[in-house]
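At position 60 of the sequence shown (counting the first as 1) the number is 60 in the numbering used here, and the numbers step up by one without a gap.
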Amino acid sequence: MTEQDAPVPYSEHDFDHEDSNRSGNPHFGEVLHARLARRQLLKGGLGLAVTAGLFATGAAALAADGKPGRPGPRPPRGRPLGFTAVPASRIDDVLVPPEYDFSVILPWGEPICGDYPAYLDGGLNSGADQEQQVGMHHDGMHFFPLTQAPPHKSGLGLLVMNHEYIDQAAMHPAGPVSVGGVRDADQVRKEIAGHGVSVVEIRRRVDDWSIVGSRRNRRVTGATPMEIAGPARGHAKLRTAYSPDGTRTRGTLNNCANGHTPWNTYLTCEENWAGYFVNRGQRPREHARYGVSATTGRYGWETVEARFDATATAGDATQDYRNEPNHFGWIVEIDPFDPDSTPVKHTALGRFAHEGLVFAQPQPGRPLVAYMGDDAQGEYIYKFVSRDRYTPGRAAGALLDHGTLYAARFRDDGSGEWLALDIDDPAFAQAAARAGVRFDDQGDVLINTRLAADVAGATPMDRPEWGAVDPNTGQVYFTLTNNAARAADEVDAANPRGPNPYGHIIRFLERDARGGATAFDWDLFLLSGAEDDSRGPDGDPLTADSIHASPDGLWFDHNGLLWIQTDMSGSQLGSGPFGNNQMLVADPAAGAIKRFLVGPSGCEVTGITATPDHRTLFVNIQHPGESGGSAWPGGMLKPRSATVAVTRRDGGIVGT
Ligand code: FEO
Ligand code: CA
Ligand code: CA
Numbered sequence: 001m002t003e004q005d006a007p008v009p010y011s012e013h014d015f016d017h018e019d020s021n022r023s024g025n026p027h028f029g030e031v032l033h034a035r036l037a038r039r040q041l042l043k044g045g046l047g048l049a050v051t052a053g054l055f056a057t058g059a060a061a062l063a064a065d066g067k068p069g070r071p072g073p074r075p076p077r078g079r080p081l082g083f084t085a086v087p088a089s090r091i092d093d094v095l096v097p098p099e100y101d102f103s104v105i106l107p108w109g110e111p112i113c114g115d116y117p118a119y120l121d122g123g124l125n126s127g128a129d130q131e132q133q134v135g136m137h138h139d140g141m142h143f144f145p146l147t148q149a150p151p152h153k154s155g156l157g158l159l160v161m162n163h164e165y166i167d168q169a170a171m172h173p174a175g176p177v178s179v180g181g182v183r184d185a186d187q188v189r190k191e192i193a194g195h196g197v198s199v200v201e202i203r204r205r206v207d208d209w210s211i212v213g214s215r216r217n218r219r220v221t222g223a224t225p226m227e228i229a230g231p232a233r234g235h236a237k238l239r240t241a242y243s244p245d246g247t248r249t250r251g252t253l254n255n256c257a258n259g260h261t262p263w264n265t266y267l268t269c270e271e272n273w274a275g276y277f278v279n280r281g282q283r284p285r286e287h288a289r290y291g292v293s294a295t296t297g298r299y300g301w302e303t304v305e306a307r308f309d310a311t312a313t314a315g316d317a318t319q320d321y322r323n324e325p326n327h328f329g330w331i332v333e334i335d336p337f338d339p340d341s342t343p344v345k346h347t348a349l350g351r352f353a354h355e356g357l358v359f360a361q362p363q364p365g366r367p368l369v370a371y372m373g374d375d376a377q378g379e380y381i382y383k384f385v386s387r388d389r390y391t392p393g394r395a396a397g398a399l400l401d402h403g404t405l406y407a408a409r410f411r412d413d414g415s416g417e418w419l420a421l422d423i424d425d426p427a428f429a430q431a432a433a434r435a436g437v438r439f440d441d442q443g444d445v446l447i448n449t450r451l452a453a454d455v456a457g458a459t460p461m462d463r464p465e466w467g468a469v470d471p472n473t474g475q476v477y478f479t480l481t482n483n484a485a486r487a488a489d490e491v492d493a494a495n496p497r498g499p500n501p502y503g504h505i506i507r508f509l510e511r512d513a514r515g516g517a518t519a520f521d522w523d524l525f526l527l528s529g530a531e532d533d534s535r536g537p538d539g540d541p542l543t544a545d546s547i548h549a550s551p552d553g554l555w556f557d558h559n560g561l562l563w564i565q566t567d568m569s570g571s572q573l574g575s576g577p578f579g580n581n582q583m584l585v586a587d588p589a590a591g592a593i594k595r596f597l598v599g600p601s602g603c604e605v606t607g608i609t610a611t612p613d614h615r616t617l618f619v620n621i622q623h624p625g626e627s628g629g630s631a632w633p634g635g636m637l638k639p640r641s642a643t644v645a646v647t648r649r650d651g652g653i654v655g656t
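Structure (structure tokens):
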């Protein structure tokens, strides 16, 4: 008998609301909040007095004095934001300013390698087909130019992108199928292949981009063999039946945002991976603290593939998959130029719901510095500082295997501190002892990164998403997308609204720009929301041209413009004043912000990169029609995530 599973599609947001932080870490601003509660400025009991203070003093101080550890003079200003703002909209299409054009490329299912199996509408492609086609639910991406000599540098390259998750209703003819409680095996193969990363060579011809039939084209999926590197490689908690020595694994899952290294490789970040597994037995801390289910995996893959069932058997860890979830939650390096290369999971970068990774400007002869967010309610912002020095031309992935991982503490006075998560660090060892937490070794610390940050006393944040580094000032920006779970009495200066339905953007500057700093200064860049409940980068409320909510994607272009992408969901998306998900551009130097693009119904706008000449901007449209009502890009039965290539009609530099 064939039974049709009830069509209750998984939405990413089901998991983003995961709140497994039971650390009880003090929200450091509680005292401050109590002091300032009398002075609340805006409606609804919000702690915006705190914010107002940090806008006024923090922003001005950060921009003004040019002392070491503070930003220098403001960069020279060109003609900022010289485009017509796009209005908030619920039209089922992509909207760009009238001075711009866009074209749709690389939709889900487009053949890119192997036998190039044609896309079949209606969900009719097989699992084997999907392994040779663009994956589903496009997210973070990066353009790697293939030729060095301008002007051709921008006309040919590898577009590498993440595929975060899948929509089973769109992927299959009539949704997920099970027989006697066991998922259809080819549907599962297709779903696993719909995840991961696509590497596609593309070429610009006049105004259009097309796929090149290159041997570099590649799919990395939820089944691709990978190496595990760094301090946790070979750890007892990574041993499985597939990898008895804990050094190898299969697949990368829930690849949200991304990074790219100074040595031209791609980094893909495993975000809501915990939901793919089930452990019906005793869940160890490295499962429970991340929300691994005790009842069922998100898509029921465990009914077909044993590795998704992490319930311990009577044997030891090399005879089952109790440790399989510990192979996920990492950042994975892929060399897009070598299709035969084995992706590497870098454990020194920590294990959590990795949103993305952004490097500080690399400095020859100095350690490499990277920033990362853990996107779940009440989780942390992290920094990695390499042990070894960065040497241009010689740097490689090994640089990411030795170093110190830190978690951020944001103090209420606008200062901050990086807390080392290092078993050999005396302060960390003392904090762990005080908390009664024992780590076996540094591999154990990294496998339990969240617990290590709890112990160290990091500041719980409102869902840290993407980070971006201002090329002019070195300031590091992070989106804090929202946090429905923050109570009114839990607000602090860095997370000033409780609950926080709209999100905000925080920024900080290291006191020591040489990379080893453990102190920083921070302020709030903006508070997202409607006109009556927001604050723009100039200190005034956002306007009709800039209101938005749930900021998520974040990227600085080389002109110092900050691109902000939104991930609203639920009623905020359906009936709020903000329209569909969108992308805005801010000029931090000018304090300006404007809406640049609006996506089709039900979509998220996420993932952004540009050609080196900055005349083509690539933006991803993820899960159009997730809640129904869209078949974008149109003309077919099923909606398809896709990339849009945005250009200026006059061929000029995008955004200026
Ligand atoms: Fe996949 Fe946190 O967005
Ligand atoms: Ca995201
Ligand atoms: Ca998001």
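Even for Gly, the Cβ is constructed at its ideal location relative to N, Cα and C.
Practice task
Answer yes or no: do Ser89 and Leu95 have a C-beta to C-beta separation smaller than 7 Å?
Solution key: Here the question's residue 89 lines up with position 89 in the sequence shown. Here the question's residue 95 lines up with position 95 in the sequence shown. The answer is yes: Cβ separation under 7 Å.
Handout entry: Euclidean distance between Cα positions of Ser575 and Gly628
Key = Counting from one through the sequence shown, the residue named residue 575 turns up at place 575. Counting from one through the sequence shown, the residue named residue 628 turns up at place 628. Their Cα atoms are separated by approximately 15 Å.
Problem - For Pro466, three-class secondary structure by DSSP - result: For the purposes of this step, residue 466 is taken as residue 466 along the sequence shown, with counting starting at 1. The sequence shown places Trp at residue 466, rather than the Pro named in the question. Of the three classes helix, strand and coil, the one that applies to Trp466 here is strand, per DSSP.
Exercise for the section: Say yes only if the C-beta of Asp691 is nearer than 6 Å to one or more non-hydrogen atoms of ligand 1, and no if none qualify. Expected result: Here the chain covers residues 1 to 656 and nothing more, so residue 691 does not appear.
Handout entry: From Ile608, Gln582, Val455 and His260, residue whose alpha carbon lies closest to that of Phe337
Key = Position 337 of the sequence shown holds residue 337. Ranking the options by Cα distance to Phe337, first place goes to His260.
Exercise for the section: Answer yes or no: the CB of Asp139 versus the heavy atoms of ligand 3, is any distance below 6 Å? Expected result: By one-based count along the sequence shown, residue 139 stands at place 139. For ligand 3, not one heavy atom lies less than 6 Å from the Cβ of Asp139.
Problem - Assigned exposure category for Gly297 - 16 Cβ within 10 Å defines buried - result: Translated into positions along the sequence shown, residue 297 becomes position 297. Buried: at least 16 other Cβ atoms inside 10 Å.
Practice task
Go to Asp186, then tell me how far its alpha helix (DSSP H) extends in each direction, as first and last residue.
Solution key: Residue mapping note: residue 186 aligns to position 186 of the sequence shown, counting from 1. Ala185 to Gly194 is the extent of the alpha helix (DSSP H) around Asp186.
Practice task
Starting from Met171, follow its DSSP beta bridges and name the residues at the other end.
Solution key: The count along the sequence shown starts at 1 and reaches residue 171 at position 171. Looking at the DSSP assignment, Met171 forms no beta bridge with any residue, so it has no partner.
Practice task
Classify Glu604 as buried or exposed, calling it buried when 16 or more other Cβ atoms lie within 10 Å of its own Cβ.
Solution key: For the purposes of this step, residue 604 is identified with residue 604 of the sequence shown, where counting begins at 1. So Glu604 ends up on the buried side.
Practice task
Spell out the partners DSSP gives His658 in its beta bridges.
Solution key: In the structure as shown, the chain starts at 1 and stops at 656, and residue 658 therefore has no counterpart that could be examined.
Practice task
For Pro269, verify whether its CB is less than 6 Å away from any heavy atom of ligand 1.
Solution key: Translated into positions along the sequence shown, residue 269 becomes position 269. According to the sequence provided, residue 269 is Cys. The question's Pro does not apply to it. It does not: the Cβ of Cys269 is nowhere closer than 6 Å to a heavy atom of ligand 1.
Exercise for the section: Output the boundary residues of the alpha helix (DSSP H) element that contains Asp374. Expected result: Here residue 374 is taken as the residue at index 374 of the sequence shown, counted from 1. Where Asp374 is concerned, there is no enclosing alpha helix (DSSP H), although the beta strand (DSSP E) it sits in stretches over Pro367 to Asp374.
Handout entry: First and last residue of the uninterrupted beta strand (DSSP E) at Ile334
Key = In the sequence shown, counting from the first residue as 1, residue 334 sits at position 334. Here the beta strand (DSSP E) through Ile334 covers Ile331 to Ile334.
Exercise for the section: Compute every distance between the C-beta of Cys603 and the non-hydrogen atoms of ligand 2, then say whether any falls below 6 Å. Expected result: On the sequence shown, position 603 is the one that residue 603 refers to. Checking every heavy atom of ligand 2 against the Cβ of Cys603, none is found closer than 6 Å.
Practice task
Pull up the distance between the alpha-carbon of Leu158 and that of Ile166, whole angstroms please.
Solution key: Position 158 of the sequence shown, counted from the start, is the residue given in the question as residue 158. Position 166 of the sequence shown, counted from the start, is the residue given in the question as residue 166. Taking the straight line joining both Cα atoms gives about 23 Å.
Handout entry: Buried/exposed call for Pro426, threshold 16 Cβ in 10 Å
Key = As a working mapping, residue 426 is identified with position 426 in the sequence shown. By the 10 Å Cβ count, Pro426 comes out exposed.
Problem - Backbone secondary structure at Trp273 - three-state DSSP - result: By one-based count along the sequence shown, residue 273 stands at place 273. Helix, per DSSP.
Problem - Glu626: CB within 6 Å of a non-hydrogen atom of ligand 2 - result: In the sequence shown, residue 626 corresponds to position 626, counting from 1. Checking every heavy atom of ligand 2 against the Cβ of Glu626, none is found closer than 6 Å.
Practice task
Kindly indicate if chain C contains any beta-carbon less than 7 Å away from that of Tyr165.
Solution key: Of the protein chains in this structure there is only one, and it is not chain C.
Handout entry: Span of the beta strand (DSSP E), counted from its first residue to its last, around Gly181
Key = For this step, residue 181 is matched to residue 181 along the sequence shown. Run containing Gly181: none; DSSP gives neither H nor E here.
Exercise for the section: Report all residues for which the CB-ligand distance to some heavy atom of ligand 3 is below 5 Å; order them along the chain. Expected result: Asp552 and Asp567
Problem - Beta-carbon proximity of Ala317 to Asn326, cut-off 7 Å - result: Taking the first residue of the sequence shown as 1, we reach residue 317 at position 317. Taking the first residue of the sequence shown as 1, we reach residue 326 at position 326. No.
Practice task
Name the residue from Gly599, Phe352, Trp555 and Trp301 whose alpha carbon lies nearest to the alpha carbon of Leu658.
Solution key: Because the chain here runs from 1 to 656, residue 658 falls outside it and cannot be looked at.
Exercise for the section: Report all residues from its chain with a CB closer than 8 Å to the CB of Ser534; omit the five preceding and five following residues, and keep chain order. Expected result: On the sequence shown, residue 534 is found 534 positions in, with the first residue counted as 1. Cβ within range, chain order: Tyr502, Leu526, Leu527, Ser528, Pro541, Leu542 and Ile547.
Problem - Distance CB(Gln187)-CB(Val179) smaller than 7 Å - result: By one-based count along the sequence shown, residue 187 stands at place 187. By one-based count along the sequence shown, residue 179 stands at place 179. Contact: no.
Exercise for the section: Note down the Cα distance separating Tyr290 from Ile211, rounded to an integer number of angstroms. Expected result: As a first step, residue 290 is located in the sequence shown; it is residue number 290 there, counting from the start. As a first step, residue 211 is located in the sequence shown; it is residue number 211 there, counting from the start. So the alpha carbons of these two residues sit roughly 39 Å apart.
Exercise for the section: Return the chain-ordered list of same chain residues with a C-beta closer than 6 Å to the C-beta of Ile447, the five sequence neighbours on each side being excluded. Expected result: Within the sequence shown, numbered from 1, the residue matching residue 447 stands at position 447. Taken in chain order, the residues that qualify are Ala232, Lys237, Glu286, Asn326 and Arg351.
Exercise for the section: Return the residue from the list Ala294, Thr481 and Leu124 that minimises the CA-CA distance to Gly109. Expected result: Numbered from its first residue, the sequence shown carries residue 109 at position 109. Nearest C-alpha to Gly109: Leu124.
Problem - Pairwise C-alpha distance: Thr606 and Asp440 - result: Start at 1 with the first residue of the sequence shown, and residue 440 comes out as number 440. Start at 1 with the first residue of the sequence shown, and residue 606 comes out as number 606. Answer to the nearest angstrom: the Cα atoms are 39 Å apart.
Practice task
Go ahead and label Glu270 buried or exposed: buried means 16 or more other beta carbons lie within 10 angstroms of its beta carbon, across all protein chains shown.
Solution key: Position 270 of the sequence shown, counted from the start, is the residue given in the question as residue 270. So Glu270 ends up on the buried side.
Handout entry: Nearest-angstrom Cα separation, counted from Gly579 out to Ala420
Key = Taking the first residue of the sequence shown as 1, we reach residue 420 at position 420. Taking the first residue of the sequence shown as 1, we reach residue 579 at position 579. Looking at the two C-alpha atoms, the distance is approximately 42 Å.
Problem - Span separating the alpha-carbon of Gly634 from that of Asp93 - result: Indexing the sequence shown from 1 puts residue 634 at position 634. Indexing the sequence shown from 1 puts residue 93 at position 93. Those two C-alpha atoms are separated by around 9 Å.
Practice task
With a threshold of 6 Å, establish whether the CB of Glu379 neighbours any heavy atom of ligand 1.
Solution key: On the sequence shown, position 379 is the one that residue 379 refers to. No, the beta carbon of Glu379 sits no closer than 6 Å to any heavy atom of ligand 1.
Handout entry: Per-residue DSSP class, three states only, for Pro218
Key = Here residue 218 is taken as the residue at index 218 of the sequence shown, counted from 1. With the sequence shown as reference, residue 218 is identified as Arg, and Pro is not the correct amino acid for it. Three-state DSSP puts Arg218 in a strand.
Problem - Range covered by the beta strand (DSSP E) that runs through Ala407 - result: Locating residue 407 in the sequence shown gives position 407, counting from the first residue. Run containing Ala407: Gly403 to Phe410, per the beta strand (DSSP E) assignment.
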